[in-house]
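Note that the protein sequences, when read in sequence, are chains A and B.
Under this note's numbering, the first residue of the first sequence is numbered 1, with each subsequent residue one higher.
Under this note's numbering, the first residue of the second sequence is numbered 197, with each subsequent residue one higher.
All remarks here apply to the structure that follows.
Protein chains: 2
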Amino acid sequence: MKAEDRRELVLRAATRAFGERGYVGATTAEVAKAAGVSQPYVVRLFGTKEALFLAVLERALERLLAAFRAALAGASPADAACDTAELHGRLGTAYAELLADRGLLLSLMHGFILGSDPAIGARARAGFLEVYRLLREEAGFSAEEVHGFLAEGMLLNTLIGLRMAVDYEDPAAGELLDTALPTKLDFLLRLEGQRP
Amino acid sequence: MKAEDRRELVLRAATRAFGERGYVGATTAEVAKAAGVSQPYVVRLFGTKEALFLAVLERALERLLAAFRAALAGASPADAACDTAELHGRLGTAYAELLADRGLLLSLMHGFILGSDPAIGARARAGFLEVYRLLREEAGFSAEEVHGFLAEGMLLNTLIGLRMAVDYEDPAAGELLDTALPTKLDFLLRLEGQRP
DNA sequence: GTCTATAATCTGATAGAC
DNA sequence: GTCTATCAGATTATAGAC
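Structure, rendered in structure tokens:
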């Protein structure tokens, strides 16, 4: 197999591992095992664990921005249906669908709360602001609309990180999940193994 | 000094450390140094690093719930001023003021995204749901209102975790922070050392 | 391109003195 | 109550073979 393909394989495994246990908590050995390669080879491919995490962040941000742009492209040609409420819904759906790429949103989230780390923090801030600008400029949201949209996104990330779906039977948890993911709830419960 | 006092001192140092570098990233040696005690003593006081983190979560949740209840108590006796918009504002202010207890909100956030960890995840979910119930039952919010309030809270946590204030001069970052913290911006910028 | 072996470091935890 | 000394284990990274 070519190094390029291995790289992608390792990147995917790393995304899952970092999403579950965070940058420091996930180990290169764990990533290697999931990718079916040796631990030193993981390090060899990316240089350092930090570079691997940065590569995971990079790929996650690319996919996020691409998903948003695709959602916008699907909506733009239409005529009057392009109010911001409609866009909010489309972008929200695109965001929720990123859950299928396991660990992607959570790796981002882990990056976001490591702002004190010199390299990771800088990349995370820049990435967050790229998303902000896309919503503000390309989607045409107002500052308040972007704020509301990002807030919902961060709550979704948190609920995923919490594995709140495992408590779905709890009335409070059920109501919260129903409210936060009105359309994508089955999707989530299946992902989290709470449904057959 | 009595063990009780040391405990509180160490707990405070641990809250800061865990807030900055996360559960796995922060070390007991780091906490010990910040608290002015030896590393083995930190372990002895709490048993294990995990127990220390759980104690930090416990304390953070207690303070959060207490701050919300105090805000509600200050608002309840009034007559007509108690609509949910008013409460939303009061509770939001109470939440933002918790930023003064450094690391508190971020330690919580780190706990929230470690839902896969058996002990930490369970406590984090239960704590989050306690907050949910308080807002729903004691504050009288609707499911949608709680959802919106929590979403804003998670965005605030994320912006703090990102140290977004260090990029305040960036137009997008400035606008985002202005929108997310309309009233508490100076407070934040001073906390983050972006203001004299 | 990929592995095995291993070095170097860090870190949580224990033992035991004072 | 608190420290010093230290161990055992884990983890990133390197060296070098194939």
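From the three backbone atoms N, C-alpha and C, an ideal C-beta is built for every residue, glycine too.
Just so we're clear, the structure is a prediction, and the values are computed from it rather than from any experiment.
Tell me which residues share the same chain as residue i and place their Cβ nearer than 8 Å to its Cβ, disregarding the 5 neighbours each side in the sequence.
i, result
"residue 129(A)", "none"
"residue 193(A)", "none"
"residue 354(B)", "305"
"residue 261(B)", "326, 327, 330"
"residue 376(B)", "348, 351, 352, 355"
"residue 55(A)", "11, 14, 46"
"residue 222(B)", "210, 213, 214, 216"
"residue 93(A)", "71, 183, 184"
"residue 3(A)", "45"
"residue 319(B)", "250, 253, 254, 307"
"residue 402(B)", "Only positions 197 to 392 of chain B appear in the structure, and residue 402(B) is not among them; the question remains open."
Identify the contact partners of residue i in chain A, using a Cβ-Cβ distance below 7 Å as the criterion.
i, result
"residue 311(B)", "161, 162, 163"
"residue 244(B)", "In chain order: nothing, as chain A lies at least about 16 Å away."
"residue 288(B)", "What residue 288(B) touches in chain A: nothing, since even the nearest Cβ is about 12 Å away."
At a CB-CB cut-off below 8 Å, which residues of chain A make contact with residue i?
i, result
"residue 308(B)", "158, 161, 162"
"residue 363(B)", "125, 129"
"residue 302(B)", "113"
For residue i, which residues from the same chain have a beta carbon less than 7 Å from its beta carbon, with the 5 sequence-adjacent residues on both sides left out?
i, result
"residue 135(A)", "141, 146, 149"
"residue 395(B)", "Outside the displayed span of chain B (197 to 392) sits residue 395(B), for which this structure offers no information."
"residue 321(B)", "311"
"residue 189(A)", "165, 168, 195"
"residue 53(A)", "18, 23, 120"
"residue 10(A)", "31, 35, 37, 42, 45"
"residue 235(B)", "224, 225, 228"
"residue 139(A)", "72, 87, 91"
Mind listing the chain B neighbours of residue i? Cutoff is C-beta to C-beta under 9 Å, in chain order.
i, result
"residue 1(A)", "Correct list: empty, because the minimum Cβ distance to chain B is about 30 Å."
For residue i, which residues in chain B fall below 8 Å Cβ to Cβ?
i, result
"residue 95(A)", "Those do not exist, as residue 95(A) stays about 13 Å from chain B at its closest Cβ, beyond 8 Å."
"residue 193(A)", "Simply none; closest approach about 12 Å."
"residue 103(A)", "The contacting residues do not exist; residue 103(A) stays about 11 Å from chain B at best."
Determine the chain B residues that contact residue i at a beta-carbon separation under 7 Å, and present them in chain order.
i, result
"residue 133(A)", "368"
Going by the C-beta, is residue i closer than 7 Å to any heavy atom of the ligand SAH?
i, result
"residue 338(B)", "Ligands displayed in this structure: none; no statement on the ligand SAH is therefore possible."
What does residue i touch in chain A if you count any residue whose Cβ is under 9 Å from its own?
i, result
"residue 285(B)", "Here the premise fails: no neighbours, minimum Cβ distance about 15 Å."
To which residues of the same chain is residue i closer than 6 Å at the C-beta, ignoring the five residues directly before and after it?
i, result
"residue 90(A)", "71, 75"
"residue 323(B)", "257"
"residue 247(B)", "none"
"residue 382(B)", "none"
Identify each residue in the segment 16-38 of chain A for which the Cβ-Cβ distance to at least one residue of chain B is less than 8 Å, and report them in chain order.
-> 20, 21, 22, 23, 24, 25
Just checking, does the segment 98-105 of chain A make contact with the segment 342-353 of chain B on the three C-beta pairs under 8 Å criterion?
-> no
Selection of the segment 140-157 of chain A by Cβ proximity to chain B, strictly under 7 Å = 143, 144, 147, 150, 151, 152, 154, 155
Whole alpha helix (DSSP H) elements within the segment 261-307 of chain B, 4-residue minimum = 280-293
Cβ contact (3+ pairs, closer than 8 Å) linking the segment 45-59 of chain A and the segment 68-75 of chain A = no
Positions along the segment 366-385 of chain B whose CB lies within less than 7 Å of some CB in chain A = 366, 368, 369, 371, 372, 375, 376
Where are the alpha helix (DSSP H) runs, 4 residues long or more, that stay fully inside the segment 198-252 of chain B, in chain order?
-> 199-221, 224-231, 235-242
Determine contact between the segment 361-378 of chain B and the segment 310-320 of chain B, defined as no fewer than three beta-carbon pairs at a distance below 8 Å.
-> no
At what residue ranges does the segment 103-189 of chain A contain a whole run of the alpha helix (DSSP H), taking only runs of 4 or more?
-> 104-112, 118-133, 143-161, 171-180
Relative to chain B, which residues along the segment 63-75 of chain A have a C-beta separation below 7 Å, given in chain order?
-> none
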